[in-house]
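The structure under discussion appears below in the form of structure tokens.
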Amino acid sequence: MRSVSDGPLAVARIALRAVAIVGGGYACTAVAVTLGAALLARAGMVRSEAVVLMAMLGFPLYLGLLLWGFSLRRVSTWWLVPGAAAATFALLRITLG
Numbered sequence: 002m003r004s005v006s007d008g009p010l011a012v013a014r015i016a017l018r019a020v021a022i023v024g025g026g027y028a029c030t031a032v033a034v035t036l037g038a039a040l041l042a043r044a045g046m047v048r049s050e051a052v053v054l055m056a057m058l059g060f061p062l063y064l065g066l067l068l069w070g071f072s073l074r075r076v077s078t079w080w081l082v083p084g085a086a087a088a089t090f091a092l093l094r095i096t097l098g
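Shown next as structure tokens:
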């Protein structure tokens, strides 16, 4: 277990972890929201309603990603799962046009 006396390196490590979780969660949520809105619009929902619905669903998704990210012990797990999800969602969104 680390103590407060670890110094500035520990503070920098925590700050980088927070930036990674906040930024990565935002990127994953943004891609998921755009993909979901595009899929709902293709399924027949009015485009503006699809965007609003997915924007509202993006808030709990982002909150869930943040809570999960801060509960993990290893940051590598954080980069692997949401990074792979964001890449998959982005590729699906590009193929949809």
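Residue numbers (this note's numbering): 2 to 98. Using N, Cα and C, we set each Cβ at its ideal position, and we do this for glycine too.
The alpha helix (DSSP H) enclosing residue i, as first and last residue numbers
i: residue 19; result: 9-43
i: residue 102; result: The shown model of the chain, from 2 to 98, leaves out residue 102, and the question about it has no answer.
i: residue 84; result: 76-97
CA-to-CA distance, residue j to residue i, given in whole angstroms
i: residue 93; j: residue 68; result: 26 Å
i: residue 12; j: residue 82; result: 25 Å
i: residue 86; j: residue 66; result: 12 Å
Which listed residue (the options) has its alpha carbon closest to that of residue i
i: residue 52; options: 17, 64, 32; result: 32
i: residue 55; options: 97, 36, 85; result: 36
i: residue 80; options: 9, 28, 10; result: 28
i: residue 96; options: 40, 9, 16; result: 40
i: residue 62; options: 50, 26, 46, 48; result: 26
i: residue 15; options: 75, 88, 47; result: 75
i: residue 77; options: 88, 18, 98; result: 18
Sequence-distant residues of its chain with Cβ nearer than 6 Å to residue i (five each side left out)
i: residue 44; result: none
i: residue 7; result: none
i: residue 90; result: 32, 33, 36
i: residue 42; result: 48, 51
Cβ neighbours of residue i in the same chain (closer than 8 Å, five flanking residues each side left out)
i: residue 99; result: No information on residue 99 is available, as it lies outside the stretch 2 to 98 that the chain covers here.
Item to check | Segment contact, 8 Å Cβ cut-off, at least three pairs: the segment 59-74 with the segment 16-31 | outcome: With contact defined as three or more Cβ pairs closer than 8 Å, the segment 59-74 and the segment 16-31 are in contact.
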